[in-house]
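Have a look at the structure below before the remarks.
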Amino acid sequence: MLQAMLSSLPSLWRGLLVTIEVAVIVVVTSLLIGVVFGAVMVYGPLLLRLIIRLFSDVVRGIPVLVLIFFVYYGLPVTGLNVNNFAAGVTALVLFSTAQVTEITRGSLQSIHHGQMEAGKAIGLTFPQRLVYVVFPQAMRRFLPPWINSVADAVKGTALLSLVGIVDLMLAIQQVIGRTYEPMPLYILGALIYFVINYSLSLLSRRLEARYAHFRE
Amino acid sequence: MSDPTPDNRPVVRIRGLKKSFGSLTVLDGVDLDVGRGDVVSIIGPSGSGKTTMLRCINALETYDAGSVEIDGVEVGFRTEGGARRRRSERELAPLRAETGMVFQLFYLFPHLTAAENVMLGLRKVRRMGKAEARDVALKWLDRVGLAAKADSLPYQLSGGQQQRVGIARAVAMGPKVLLLDEITSALDPELVGEVLEVVRKLAEDGMTMIMVTHEMAFAREASDRIIFIDQGKVAVAGTPAEVFRGQENERLRAFLSRVSHT
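Top to bottom, those sequences are chains A and B. When we follow numbering that gives the first Met the number 0, the leftmost residue of the first sequence carries the number 0, and every step to the right adds one. When we follow numbering that gives the first Met the number 0, the leftmost residue of the second sequence carries the number 0, and every step to the right adds one.
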């Protein structure tokens, strides 16, 4: 059995790399788009706000797994031929983007409007007020829920095994298929996911501490 | 300066200022001239439009009709080929830097130290280097008696100290006029004096100021002129002596007797 486990390590490693790759793409892309969407939702014109609101409500109202299948089977129907990797990652990005959008919106709205006015009063332009006044304060409201959403994104990658992407999850299942040793491998898998997310949570505590020096 | 401004032209010139919120008319044709170095107090019942008027002067509020000019420049609108157009947000930023505003609730930036609060506008709007901005900030913090608190964060300061930082933040920008919006209303009574003392010194130094205040004794002592706003109009205007002595206006009389009992 030990022999079988050891020989399975390279394929688990390849699966882990895929998991990490997907997670990084999802987290980075959703952060970039979600922060912009969230800011538009707070400060943008009505039409854009409505469109983003619709996007966010729809995406958050659907289970991630359904979203994955929807993109996987739905995109080819529209004539867009994408492989399972692109479809799966797109679905996860959509989901995470909606989360980040809402987290950003909430963080920005929680900053007292007087802060904007004080920035205006000294002649700061709108972008300057965002960068130097609002964002630094919104950051500490943003970080805790965002780190949660990052952990969700990492765990969510396991669902991509269901559309045949050989991530850590599917790699584990393939090894189980060869060795008939489900429990040790699932425990190993759980441990790996846990280590990733626990490191993230440790990192987040250090990040949050950087924004904890002031009170409102 | 190359600006050929005659010294007698008012720094702030308001004509026929009108502002409504929906069906509620808050300002109904206000006129006001404030000369260089003048200190003008605006008094009046709550809801009379005092704060709205102040906010129109630095474009925190838009106005519907009339004009507000700072040193001859219309604040809310620009005239283009004979047509008045509302100024864009981008045009407003440099204009707002010409007026200082101190808020009732301070609105210090909580993530920045006292010095950084003062430095932000100097760095990003006045484009000063860090060392120069800090020098200017420290000079003004010293003027408001807070040199020792330069590196404190707002939450570490008392209300009176926070408000004095608020004043330093506004005056450090070198505004043409300083607007004070009920700046002692949110303070514990024992902290009011230290803030008014700073305002008094600024007045002595020739700072042009318009203040909305409920501190009648202070308005009387520190102002060159007082205007009483009622129902969106300037009902009474004059020197403190005139305004407090005359009281021909029945509503002013009623207002003064109400505030003197509180």
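No residue lacks a Cβ here, since even glycine has one placed at the ideal position from N, Cα and C.
Between the options, which has its C-alpha nearest residue i's C-alpha?
{"i": "residue 222(B)", "options": "200(B), 234(B), 22(B)", "result": "200(B)"}
{"i": "residue 252(B)", "options": "227(B), 180(B), 121(B)", "result": "227(B)"}
{"i": "residue 22(B)", "options": "100(B), 105(B), 63(B), 258(B)", "result": "63(B)"}
{"i": "residue 27(B)", "options": "49(B), 8(B), 40(B)", "result": "49(B)"}
{"i": "residue 189(B)", "options": "142(B), 232(B), 231(B), 158(B)", "result": "158(B)"}
{"i": "residue 15(A)", "options": "166(A), 206(A), 133(A), 102(A)", "result": "166(A)"}
{"i": "residue 147(A)", "options": "170(A), 160(A), 202(A), 104(A)", "result": "202(A)"}
{"i": "residue 66(A)", "options": "191(A), 213(A), 162(A)", "result": "162(A)"}
{"i": "residue 15(B)", "options": "37(B), 145(B), 140(B), 68(B)", "result": "68(B)"}
{"i": "residue 22(A)", "options": "55(A), 94(A), 49(A), 45(A)", "result": "94(A)"}
{"i": "residue 215(A)", "options": "106(B), 192(B), 180(B), 148(B)", "result": "106(B)"}
{"i": "residue 108(B)", "options": "164(B), 125(B), 84(B), 185(B)", "result": "164(B)"}
{"i": "residue 107(A)", "options": "128(A), 87(A), 11(A)", "result": "128(A)"}
{"i": "residue 60(A)", "options": "136(A), 192(A), 44(A), 98(A)", "result": "98(A)"}
{"i": "residue 173(B)", "options": "122(A), 79(A), 29(A), 190(A)", "result": "122(A)"}
{"i": "residue 112(B)", "options": "246(B), 160(B), 224(B), 31(B)", "result": "160(B)"}
{"i": "residue 120(B)", "options": "95(B), 142(B), 144(B)", "result": "95(B)"}
{"i": "residue 176(B)", "options": "38(B), 148(B), 184(B), 149(B)", "result": "38(B)"}
{"i": "residue 10(A)", "options": "199(A), 211(A), 184(A), 105(A)", "result": "184(A)"}
Classify residue i as helix, strand or coil using the three-state DSSP reduction.
{"i": "residue 23(B)", "result": "strand"}
{"i": "residue 0(B)", "result": "Because the pLDDT of residue 0(B) is 44, which lies under 50, any placement of that residue in the model is unreliable, and the number read from its coordinates should be weighed accordingly. Of the three classes helix, strand and coil, the one that applies to residue 0(B) here is coil, per DSSP."}
{"i": "residue 244(B)", "result": "helix"}
{"i": "residue 227(B)", "result": "strand"}
{"i": "residue 106(A)", "result": "helix"}
{"i": "residue 69(B)", "result": "strand"}
{"i": "residue 149(A)", "result": "helix"}
{"i": "residue 182(A)", "result": "helix"}
{"i": "residue 262(B)", "result": "Here chain B covers residues 0 to 261 and nothing more, so residue 262(B) does not appear."}
{"i": "residue 134(B)", "result": "helix"}
{"i": "residue 206(B)", "result": "coil"}
{"i": "residue 74(B)", "result": "coil"}
{"i": "residue 9(B)", "result": "coil"}
{"i": "residue 268(B)", "result": "An answer regarding residue 268(B) cannot be provided, because it is not within the stretch 0 to 261 covered by chain B."}
{"i": "residue 7(A)", "result": "helix"}
{"i": "residue 211(B)", "result": "strand"}
{"i": "residue 126(B)", "result": "coil"}
{"i": "residue 333(B)", "result": "The question about residue 333(B) has no answer, for chain B in this structure spans 0 to 261."}
{"i": "residue 222(B)", "result": "coil"}
{"i": "residue 121(A)", "result": "coil"}
{"i": "residue 177(A)", "result": "helix"}
{"i": "residue 99(A)", "result": "helix"}
{"i": "residue 200(B)", "result": "helix"}
{"i": "residue 141(B)", "result": "helix"}
{"i": "residue 33(A)", "result": "helix"}
{"i": "residue 195(A)", "result": "helix"}
{"i": "residue 40(B)", "result": "strand"}
{"i": "residue 154(A)", "result": "helix"}
{"i": "residue 165(A)", "result": "coil"}
{"i": "residue 14(B)", "result": "strand"}
{"i": "residue 46(A)", "result": "helix"}
{"i": "residue 28(B)", "result": "strand"}
{"i": "residue 177(B)", "result": "strand"}
Going along chain A, which residues have a C-beta under 8 Å from residue i?
{"i": "residue 88(B)", "result": "124, 125"}
{"i": "residue 163(B)", "result": "Near residue 163(B) there are no residues of chain A at all, since even the closest Cβ is about 15 Å away, more than 8 Å."}
{"i": "residue 172(B)", "result": "121, 122"}
Can you pull the chain B residues whose beta carbon is under 7 Å from the beta carbon of residue i, in chain order?
{"i": "residue 214(A)", "result": "109, 154"}
{"i": "residue 135(A)", "result": "110"}
Who are the neighbours of residue i on chain A, taking C-beta pairs under 7 Å?
{"i": "residue 92(B)", "result": "122, 123, 124"}
{"i": "residue 106(B)", "result": "113, 114, 116, 117"}
{"i": "residue 33(B)", "result": "Simply none; closest approach about 18 Å."}
{"i": "residue 206(B)", "result": "The contacting residues do not exist; residue 206(B) stays about 16 Å from chain A at best."}
{"i": "residue 140(B)", "result": "None at all; the shortest Cβ gap to chain A is about 15 Å."}
{"i": "residue 168(B)", "result": "121"}
What does residue i reach in chain A if we use C-beta pairs closer than 9 Å?
{"i": "residue 102(B)", "result": "113, 116, 117, 120"}
{"i": "residue 95(B)", "result": "119, 120, 121, 122, 123"}
Say yes only if the C-beta of residue i is nearer than 7 Å to one or more non-hydrogen atoms of the ligand COA, and no if none qualify.
{"i": "residue 84(B)", "result": "Among the components modelled here there is no ligand, and therefore nothing to report on the ligand COA."}
### Task
Residues of the region 120-131 of chain A with a CB closer than 7 Å to any CB of chain B: list them in chain order, please.
For the region 120-131 of chain A, residues whose beta-carbon sits nearer than 7 Å to a beta-carbon of chain B comprise 120, 121, 122, 123, 124, 125, 127, 131.
### Query
Taking any Cβ of chain B, which residues in the region 20-46 of chain A have a Cβ under 7 Å from it, in chain order?
None of the residues of the region 20-46 of chain A has a beta carbon lying less than 7 Å from any beta carbon of chain B.
### Task
Compile a chain-ordered list of the residues in the region 109-121 of chain B whose CB is closer than 7 Å to at least one CB of chain A.
Cβ contacts with chain A: 109, 110, 119, 120.
### Segments of 4+ residues assigned as alpha helix (DSSP H) that fall wholly inside the region 54-97 of chain A
Here the runs fully enclosed are 63-76.
### Query
For the region 168-198 of chain A, which residues have a beta carbon sitting closer than 8 Å to at least one beta carbon of chain B?
For chain B, none of the residues of the region 168-198 of chain A brings a beta carbon within less than 8 Å of one of its beta carbons.
#### Entry: beta strand (DSSP E) runs contained entirely in the region 46-121 of chain B, provided each spans 3 or more residues
Unbroken beta strand (DSSP E) stretches of 3 residues or longer found wholly inside the region 46-121 of chain B: 64-69, 76-79, 82-85, 98-101, given in chain order.
### chain A contacts made by the region 121-134 of chain B, where a contact means CB separation under 7 Å
Closer than 7 Å at the C-beta level to chain A, one finds these residues of the region 121-134 of chain B: 123, 124.
### Query
Taking Cβ-Cβ distances below 7 Å as the criterion, which residues of the region 49-60 of chain B are in contact with chain A?
So the list reads 57, 59, given in the order they occur along the chain.
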